[in-house]
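Please read the structure below before turning to the comments.
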Amino acid sequence: MSETAARDSTSRALTLALAVAFVCGLLVSVVAVTLRPIQRANIEAERIAQLELVLAALSGIGHAQSIESLEQRMVELDSGRFDDGIDGASFDAARAATSPATSVAIPDEQDLAGLRRRARHARIYLVRGDDEHIDLIILPVSGRGYQSTLHAWLVMDGDTRTLRALKFYQHGETPGVGARIEEAQWEAQWQDLRAFDDTGVLRIGVRSPGGGYSDDAAYQVDGISGATRTMQGVDGMLRFWLGEFGYSTFLQRVREEQL
Amino acid sequence: MQDNNWRILTRPLIDDNPLTLQILGICSALAVTTSLDTALLMSLVVVCVLAVGSAVVSLMRRQIPRSVRIIVQITVIATLVIVVDQLLQAYAFELSKRLSVFVGLIITNCIVLGRAEGYAMHNGVVASTLDGIGNGLGYSLILIMVGAIREFFGKGSLLNLQILVPTSQGGSFEPLQLMLLPPSAFFIIGGIIWLIRRRRPRQVEKPEFSLRDERRISK
């Protein structure tokens, strides 16, 4: 009796609970930190594999068939200029987006993608045609979805106004609902969709439920039923990355200077 | 003693199967059995978590205060599941993406907590570990059967090895789309339960109440 009483005392319960929490927390942390480099490498491989998938799907349009034939460039987003001072091969996009030295805070009213911070630089890929004109511009984009951060490749036509593809390569959305952003049928909607109208106003997005027909309809895709929050995330992500805090300065420069 | 341990290990396979007798862990059984490889990986993960979880809880059973026992058990189980999930993400990335949230959801799988609370809290380490492995294998047995049936009839393949050529590729096999949807797992598990209970009528539950004789009401 006395033994069970001692075992059930409040201080005993607290001590044991704390000890268990500490040991378990330590174990989880150690495992997570030791395995992170391998997990990162997996995600990196996945990113490249998805990029290759995009390229394969675009092979009718583009000329590049493999990742080696892409022109990899670093872009400074604020000025929209290429910055060859940074080594693209060793650029860690995830780290660059969070480290204070290499990123900037996004003003709240502009933070449509819910990212809070954005890297100063982005690693992009170009596909050039035979006459050295830019055929395709492949841009990495990300934004908050329903319960995870969405990562995708945004492929713009060389005219800098038309989307050629949007391919999600990493996310943690609900299987069968938000995760359907990966389905080919839904992704196909983005192909050859105009992002900007003739006056250069950004109009792309996901049609909102019950929104009815509007002038923007020609610039929008159908959403996925039941995945409202994911759709809002995709919509915000595109508006952010094609907006002035995203790639619009760079795209304008491509358009005007025929880089 | 040897014989007893063997009983502990093998009882949950058919006589006391967590899925078909206790009807636990159905949610994950529906979700991860669209193909055999995910079912196999899930089985492996659940066996590991059950064995280690039961062993750890059994080791701590005299120290755990009754008032916080469920929380302590869940913390131990959650830790194991997170560690396994991290390992899968590092070493079995493709498969872990297909299992997605269901590895994490093992934490809420009633079998794991059920064995910790119902068995490991009152029994020694060896018996608890064997009980954990046994229950994991019982769960695995059903999972693998369902996974094999669904993949074979849904895609005409086993372990991604094409066995029947589907009509879309010029063969004569028409894939059963239903097999790839969650309801088919319900039907298959239901069928397995029926088969087992026909063989072992002792598993048939007694009706909780009997209907009144209708002829008497009509009079």
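Residue numbers (our numbering), protein chains in the order written: chain U, 434 to 692; chain R, 29 to 247.
Where a beta carbon is used, it is the ideal one built from N, C-alpha and C, also for glycine.
Extent of the continuous beta strand (DSSP E) run through residue i
i, result
"S82/R", "Where S82/R is concerned, there is no enclosing beta strand (DSSP E), although the alpha helix (DSSP H) it sits in stretches over L64 to L87."
"G562/U", "Taken as a continuous stretch (DSSP letters only), G562/U belongs to no beta strand (DSSP E), as it is neither H nor E."
"A552/U", "R550 to A552"
"A628/U", "Element bounds for A628/U: n/a, residue is neither H nor E."
"A598/U", "T595 to Q603"
Sequence-distant residues of the same chain with beta carbon closer than 7 Å to residue i, five excluded per side
i, result
"T157/R", "A79, S82 and A83"
"L447/U", "none"
"P211/R", "none"
"G199/R", "L192 and V193"
"N163/R", "P40, P46, L78, I139 and R143"
"T467/U", "none"
"Q231/R", "L49, I224 and R225"
"P203/R", "G182, K183, G184 and P194"
"R688/U", "T593"
"W623/U", "L596, A598, L599 and V654"
"A57/R", "L47, I170, L171, V174, A213 and I217"
"I221/R", "T48"
6 Å CB neighbourhood of residue i in its chain, flanking five on each side removed
i, result
"D590/U", "R597"
"R577/U", "G547 and G666"
"S238/R", "none"
"D668/U", "G638 and V639"
"G160/R", "L78, A79, S82 and R143"
"R672/U", "L545"
Residue interval of the alpha helix (DSSP H) (run including residue i)
i, result
"V112/R", "R97 to Y119"
"A59/R", "I54 to A59"
"S581/U", "Premise fails: S581/U is in no alpha helix (DSSP H) and is neither H nor E."
"V667/U", "T661 to W674"
"V687/U", "S681 to E690"
"V538/U", "Per the sequence shown, the amino acid found at residue 538/U is Ala instead of Val. No alpha helix (DSSP H) contains A538/U, which is instead part of the beta strand (DSSP E) from S536 to A538."
"Q543/U", "Note, Q543/U: premise wrong, no alpha helix (DSSP H); not H, not E."
"W619/U", "A617 to E620"
Cβ neighbours of residue i in the same chain (closer than 8 Å, five flanking residues each side left out)
i, result
"A527/U", "R473"
"V487/U", "I571, W586, V588, A598 and K600"
"D660/U", "What sits at residue 660/U in the sequence shown is Ala, not Asp. Excluding positions up to five away in sequence, the list reads Y579, E606, T607, V610, G611, R613 and I614."
"T535/U", "R528, A529, A552, R553 and H554"
"E504/U", "Y558, L559, V560 and R561"
"R550/U", "A530, T531, S536, V537, A538 and I539"
"S462/U", "none"
By the 7 Å beta-carbon criterion, what residues does the region 462-477 of chain U contribute toward chain B? Any reference to chain B falls outside this structure, whose protein chains are U and R.
Hey, which unbroken runs of the alpha helix (DSSP H) at 4 residues or more fall wholly within the region 125-186 of chain R? 129-132, 138-143 and 153-183
Along the region 596-608 of chain U, where does the CB come closer than 7 Å to a CB of chain R? Name the residues. P608
For the region 172-183 of chain R and the region 57-74 of chain R, state whether three or more C-beta atom pairs, one from each stretch, are separated by less than 8 Å. yes
Taking beta-carbon pairs under 7 Å, can you tell me which members of the region 514-544 of chain U lie near chain R? none
At what residue ranges does the region 495-533 of chain U contain a whole run of the alpha helix (DSSP H), taking only runs of 4 or more? 526-531
Relative to chain R, which residues along the region 547-563 of chain U have a C-beta separation below 9 Å, given in chain order? none
Do the region 128-143 of chain R and the region 93-109 of chain R touch if we need at least three Cβ pairs shorter than 8 Å? yes
What alpha helix (DSSP H) runs, 4 residues minimum, are completely inside the region 185-236 of chain R? 210-227
Between the region 647-657 of chain U and the region 625-632 of chain U, do three or more beta carbon pairs fall short of 8 Å? yes
Along the chain, which unbroken stretches of the beta strand (DSSP E) at least 3 residues long are found entirely within the region 435-494 of chain U? none
Does the region 217-225 of chain R come close enough to the region 46-53 of chain R to have 3 or more Cβ pairs within less than 8 Å? yes
If you measure beta-carbon to beta-carbon, which residues of the region 577-590 of chain U are closer than 8 Å to chain R? none
Taking a Cβ distance cut-off of 7 Å, strictly less, list which residues of the region 437-456 of chain U are near chain R, in chain order. R440, D441, R445, A446, L449, A450, V453 and A454
Which residues, in order along the region 88-101 of chain R, keep a beta-carbon less than 9 Å from a beta-carbon of chain U? M88, R90, Q91, I92, P93, R94, S95, V96, I99 and V100
Relative to chain R, which residues along the region 661-675 of chain U have a C-beta separation below 8 Å, given in chain order? none
Just by C-beta distance, which residues in the region 201-235 of chain R are closer than 7 Å to chain U? none
Output, in sequence order along the chain, the residues in the region 110-124 of chain R whose CB is closer than 8 Å to any CB in chain U. I110, V111, Q114, L115, Q117, A118, Y119 and F121
Taking only beta carbons into account, state which residues of the region 51-84 of chain R come closer than 7 Å to chain U, listed in chain order. none
Three Cβ pairs or more, each shorter than 8 Å: is that satisfied between the region 106-120 of chain R and the region 449-461 of chain U? yes
Interface residues of the region 136-160 of chain R facing chain U [CB-CB below 8 Å]: none
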